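Visitor:
There are 2 protein chains.
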Amino acid sequence: MKIVGVNIKRLREGKNITLRELARKLNISASFLSQIETGKASPSLVTLKNIADSLQATVGSLIGEDQPQDDNIVVRENERKVLEHVGEGVKINLLTSPNPNKQMEPLLFKLDEKASSGSSMYKHYGQEFILVLKGAMEMTLNDTKYHLKKGDSIYFNSSVSHSFNNIHKGATEALWVVTPPTF
Amino acid sequence: MKIVGVNIKRLREGKNITLRELARKLNISASFLSQIETGKASPSLVTLKNIADSLQATVGSLIGEDQPQDDNIVVRENERKVLEHVGEGVKINLLTSPNPNKQMEPLLFKLDEKASSGSSMYKHYGQEFILVLKGAMEMTLNDTKYHLKKGDSIYFNSSVSHSFNNIHKGATEALWVVTPPTF
DNA sequence: AATTTTGTTAAATTAGACTTGACAAGACGA
DNA sequence: TCGTCTTGTCAAGTCTAATTTAACAAAATT
């Protein structure tokens, strides 16, 4: 957990605030903050949360959970992997290469005319963002229905039950970004 | 920090494993795990990290950082807020309403002909995903240049210095998703 | 050169992370 | 129906380690 310290220090210095200043704002001793930054001590959960808040960061980012990859950068349009059998008339294009460190999962949904997510509602953790690129679709969140046409976007909590169906005369395409990644 | 407990409990029960089982796997006492789940005690950072790993979750999600909003769902194409003065010939459309709980920030970049991010390179934390919707652009990551044309996408770590410029004869549009959110 | 501010360290304190052992409630088979 | 086994929880204790105090050298100000 030494990473926490260097992350805190980097953020703090990035904001040009002094160790004592930050410590005072957090109601901890400057000494302790120093020990945290140098990895000689480890803060309690609530202290860490306070630190994260003060630095406008998240605990997750401080402990290095939001870490990245360096390869698998580009996916060309013609190189996209396609998931075919997710549902009747539904195809999913993966817009990234597999990578365990992703924070989000960008997908391209292609819905044939009248295609839908099926009868059951989805419900899981995380968040979703959808931007309609072509056509129009109907999203159902709990019992509310949203008509989304080309250019409209929606951002919602995956924990509300949700489903979708194509309401366009023809194919509908939507950019879908899901967090956390599942592919 | 009581939320940690209920999240752990929910995950554990979702996996149908018993409190004692999980405790044994974590090398902590079942009693202590119980106290954590009921909010009567709070685990140390390393213990929490272990728990998160065991449950295939992240510390961030356990402490409720990946939590959502319930309003501000839809942004219509004609309702988008536009940031004008981010650079010469660069406009940013916000695709979500302001919300402190978002995990990602979806943006629509519109680049006039020859527009670019300027001379300086960007470098910050988090990750970025870009999908070119119209035209073509050149992304520079460290010293590597990537030509991206309509339909191509790229996913990279924001900590590598990066910049972009429009290489299309005409406007270029790109969907940009950034994590963590900054707007 | 004096003074203040920087971050770091050693040692002391003390909160709270964690264990032990016991308990009641429910499940299960004999 | 009794006993045993498992479930999660609680009270009280232990002891680690989170946090403080106080002092230090180095750098920055004045």
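Chains as they are written, first to last, in the numbering used here: chain W, 272 to 454; chain Z, 272 to 454. Think of the CB as a built atom: it goes at the ideal place given N, C-alpha and C, for glycine as much as any other residue. On a predicted model such as this, the values are computed, not experimentally measured, just so you know.
1. Tell me the DSSP secondary structure of residue 272/W in three-state form.
2. Could you round the C-beta distance between residue 433/W and residue 411/W to whole angstroms and report it? I think they count as a contact, below 8 angstroms.
3. What number of angstroms, rounded off, separates the C-alpha of residue 383/W from the C-alpha of residue 442/Z?
4. To be precise: take each residue of the segment 402 to 413 of chain Z, compare its Cβ to all Cβ atoms of chain W, and keep it if any distance is under 8 angstroms. Which residues remain?
5. Does the CB of residue 336/W have a neighbour CB from chain Z at under 8 angstroms?
6. What's the call for residue 302/W, buried or exposed, on a 16-neighbour Cβ count within 10 Å?
7. What residues in its chain sit with their C-beta under 7 angstroms from that of residue 309/Z, if we drop five residues either side in the sequence?
8. Classify residue 341/W as buried or exposed, calling it buried when 16 or more other Cβ atoms lie within 10 Å of its own Cβ.
9. On the three-state DSSP scale, how would you describe residue 339/W?
10. In the DSSP output, what is residue 401/W paired with across the bridge?
11. Considering only DSSP beta bridges, list what residue 418/W is partnered with.
12. Nearest chain Z C-beta to residue 320/W closer than 8 angstroms, yes or no?
13. Would you list the one or two residues that DSSP bridges to residue 221/W?
14. Of all Cβ atoms in chain W, is any one closer than 8 angstroms to the Cβ of residue 316/Z?
15. Quick check on this structure: which residue in 282/Z, 386/Z, 335/Z has the alpha carbon closest to the alpha carbon of residue 360/Z?
16. Identify, in the order they occur along the chain, each residue of the same chain with its Cβ nearer than 6 angstroms to the Cβ of residue 252/W, setting aside the five sequence neighbours on each side.
17. Could you give the residue range of the alpha helix (DSSP H) that holds residue 301/Z?
Guide: Checking against the coordinates, here is how it stands:
1. Against the first sequence, residue 272/W aligns to sequence position 1. Coil.
2. Within the first sequence, the letter at position 162 stands for residue 433/W. Within the first sequence, the letter at position 140 stands for residue 411/W. Confirmed, about 6 angstroms.
3. Along the first sequence, one-based indexing puts residue 383/W at 112. Along the second sequence, one-based indexing puts residue 442/Z at 171. Their backbone Cα atoms lie some 30 angstroms apart in a straight line.
4. So the list reads 402, 404, 412, given in the order they occur along the chain.
5. Locating residue 336/W in the first sequence gives position 65, counting from the first residue. Yes - at least one Cβ of chain Z is within 8 angstroms of the one on residue 336/W.
6. As a first step, residue 302/W must be located in the first sequence, where it is residue number 31. Exposed: under 16 other Cβ atoms inside 10 Å.
7. The residue you call residue 309/Z lines up with position 38 of the second sequence. Hits under 7 angstroms: 276.
8. On the first sequence, position 70 is the one that residue 341/W refers to. Only weak support exists for where residue 341/W lies, its pLDDT of 46 falling under 50; the value from the coordinates is given anyway. Burial call: exposed.
9. Within the first sequence, residue 339/W is the residue found at index 68, counting from 1. Annotation note: pLDDT 44 at residue 339/W (below 50); position unreliable, coordinate value reported separately. Coil, per DSSP.
10. To locate residue 401/W, count along the first sequence from 1; it is residue 130. DSSP lists 425/W, 447/W as partners of residue 401/W.
11. For the purposes of this step, residue 418/W is identified with residue 147 of the first sequence, where counting begins at 1. Its beta-bridge partners are 409/W.
12. Within the first sequence, numbered from 1, the residue matching residue 320/W stands at position 49. At least one chain Z Cβ lies under 8 angstroms of residue 320/W.
13. As shown, chain W starts at 272 and ends at 454. That puts residue 221/W outside it, with no answer to give.
14. Residue mapping note: residue 316/Z aligns to position 45 of the second sequence, counting from 1. Yes, because at least one Cβ of chain W sits closer than 8 angstroms to the Cβ of residue 316/Z.
15. Locating residue 360/Z in the second sequence gives position 89, where the first residue counts as 1. It is 386/Z whose Cα lies nearest to the Cα of residue 360/Z.
16. The shown model of chain W, from 272 to 454, leaves out residue 252/W, and the question about it has no answer.
17. By one-based count along the second sequence, residue 301/Z stands at place 30. Taken as a continuous stretch (DSSP letters only), the alpha helix (DSSP H) holding residue 301/Z covers 301 to 308.
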